[in-house]
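In my numbering, the protein residues as written are 35 to 440. Beneath this line is the structure, given in structure tokens, with notes to follow.
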């Protein structure tokens with residue numbers, strides 16, 4: 035008897051009934067067994083039933099062994115996202131349990147604090163879901179059809195757990211188009227007003243409806259502290275300064291000059307507002323192109339003691355990696371040229387397609403090309419409220435290095 039075909043409905047009373055199944059091709063379960071929650075469309079041998087986009091389906095090996103249940107999408111390259119290895123109902127209770135577990139970690143990491151990333155997608159075993167907390171406001175991003183269609187259940191669980199004053203969605207990412215999801219933003223429940231958060235003793239005004247991403251870049255939370263030891267008496271240049279996080283830390287640690295540059299007028303305005311909020315009006319923020327500004331500074335021969343590079347992603351696809359590597363080399367060459375001997379370079383890449391060893395190699399090779407010796411002082415990733423899964427390289431997206439340049 036064909037065991038799999040005779041098992042037409044996976045049913046455990048009171049737990050879960052799954053009518054549709056995905057059968058993998060031979061040996062395609064190895065990545066899932068190693069801890070990766072994705073299955074790509076070309077790894078599926080057969081689909082039993084006619085599951086709709088976002089429907090919960092069961093995943094099985096070619097030999098019929100059950101691997102778990104998760105969300106299906108018929109038109110996405112990522113055809114399946116694993117939610118649980120055992121059959122559980124994907125309901126409000128499920129989300130409450132997962133959210134509680136995620137919240138417990140953040141409470142241990144940042145006791146007494148109320149601003150952090152609450153859910154970091156796959157790393158918190160909720161693939162396709164991002165939730166950031168800003169005091170009493172919660173901001174959601176959904177990148178998978180299955181998560182998007184369960185927004186009400188997620189919001190119900192969040193209200194039970196946090197009793198927030200508002201829940202907002204910031205679903206404007208182009209990544210949503212990969213699952214045929216519309217781009218939208220707005221208030222899901224309650225109300226949303228700009229909120230003031232506190233991070234490492236500094237105050238930031240966050241607009242959850244119009245700010246970058248969900249309103250603030252929480253992933254650099256711990257990395258922003260690395261500038262402080264090198265700031266007393268230093269001339270600091272903060273490139274791609276956004277809300278001014280690195281600039282504020284440099285100024286509050288005693289820098290003699292702090293200049294922040296960003297091409298976004300809105301970002302520069304927010305940075306200036308944050309500087310005033312913290313009693314640091316001497317920081318100068320300008321709206322300008324970073325590459326052109328670095329070239330001008332090199333010509334003026336007025337070196338900086340510290341340069342920060344925190345650019346947006348240079349590539350969102352593997353095919354554009356060569357162009358991205360070239361861009362990173364040009365950026366680092368320009369930055370190194372404006373650094374005084376013995377100066378500090380704090381540099382980041384947020385593209386997961388640029389591997390850590392690749393980014394480190396780019397910085398090292400660029401230093402040699404411009405005839406400057408480089409010493410790695412510290413190598414970091416994202417803040418710990420952005421955990422990673424060892425089996426999922428995509429979760430290790432942020433690279434951050436502190437270098438001394440001679």
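All C-beta atoms, glycine included, are put in the ideal place defined by N, C-alpha and C.
Same chain, Cβ closer than 6 Å to residue i, five either side skipped, listed in chain order
i, result
"residue 386", "428, 431"
"residue 377", "339, 439"
"residue 434", "257, 382, 414"
"residue 400", "363, 366, 367"
"residue 284", "261, 265, 270, 292"
"residue 344", "274, 382"
"residue 170", "198, 199"
"residue 248", "166, 173, 204"
"residue 233", "none"
"residue 357", "none"
"residue 60", "96"
"residue 347", "384, 385"
"residue 106", "85, 89, 91, 114"
"residue 136", "152, 153, 158"
"residue 279", "258"
"residue 281", "272, 275, 292, 294, 317"
Spatial neighbours of residue i in its chain, beta-carbon cut-off 7 Å, leaving aside the 5 residues before and after
i, result
"residue 221", "200, 202"
"residue 118", "102, 103"
"residue 47", "Only weak support is given to the placement of residue 47: the predicted model assigns it a pLDDT of 36, under 50, and the question is left unresolved by the model."
"residue 63", "95, 101"
"residue 423", "69, 156, 157, 429"
"residue 411", "436, 437, 438"
"residue 224", "198, 199, 200, 201"
"residue 327", "295"
"residue 65", "none"
"residue 150", "140, 144, 167, 252, 419"
Residue i burial status per 10 Å Cβ neighbour count (16 or more: buried)
i, result
"residue 352", "exposed"
"residue 182", "buried"
"residue 407", "exposed"
"residue 370", "buried"
"residue 131", "exposed"
"residue 420", "buried"
"residue 184", "buried"
"residue 188", "buried"
"residue 316", "exposed"
"residue 359", "buried"
"residue 213", "buried"
"residue 451", "Nothing can be reported for residue 451: it is not among the residues displayed for the chain, which extend from 35 to 440."
"residue 426", "buried"
"residue 2", "With the chain covering only 35 through 440, there is no way to say anything about residue 2."
"residue 349", "buried"
"residue 416", "buried"
"residue 35", "In this prediction, residue 35 scores a pLDDT of 28, lower than 50, which makes its location untrustworthy; no coordinate-derived value is stated."
"residue 71", "buried"
For residue j and residue i, believed in contact at Cβ under 8 Å, the rounded distance
i, j, result
"residue 75", "residue 111", "6 Å"
"residue 155", "residue 143", "Residue 155 to residue 143, Cβ: 17 Å. No contact."
"residue 273", "residue 342", "6 Å"
"residue 94", "residue 55", "6 Å"
"residue 204", "residue 179", "Not confirmed; about 17 Å, so no contact."
"residue 226", "residue 209", "Contact flag wrong, Cβ pair sits at about 23 Å."
"residue 167", "residue 148", "6 Å"
"residue 305", "residue 323", "Not confirmed; about 16 Å, so no contact."
"residue 286", "residue 314", "6 Å"
"residue 289", "residue 268", "5 Å"
"residue 320", "residue 302", "7 Å"
"residue 215", "residue 206", "Residue 215 to residue 206, Cβ: 11 Å. No contact."
Residues that residue i bridges to, as DSSP identifies them
i, result
"residue 115", "72, 105"
"residue 220", "203"
"residue 296", "321"
"residue 238", "231"
"residue 175", "164"
"residue 99", "None, per the DSSP bridge assignment."
"residue 275", "Note: residue 275 sits in no beta bridge, so no partner."
"residue 269", "291"
"residue 82", "55"
"residue 92", "55, 103"
"residue 438", "378, 409"
"residue 433", "383"
Beta-carbon contacts of residue i that lie in its chain and below 8 Å, excluding the five residues immediately before and after
i, result
"residue 332", "368, 371, 372"
"residue 37", "Residue placement at residue 37 is poorly supported in this model, since its pLDDT is 28, which falls under 50; the coordinates still yield a value, given next. Same-chain partners within the cutoff: 98."
"residue 134", "195"
"residue 67", "101"
Cβ-heavy atom distance, residue i to the ligand ZN, below 8 Å
i, result
"residue 129", "The ligand ZN is absent from the structure shown, which contains no ligand whatsoever."
Runs of beta strand (DSSP E) lying entirely within the region 301-376, each at least 3 residues, in chain order: 318-321, 338-343
Entirely enclosed alpha helix (DSSP H) segments - the region 109-167, minimum 4 residues: 126-143
Inside the region 377-414 only - beta strand (DSSP E) runs reaching at least 3 residues: 408-414
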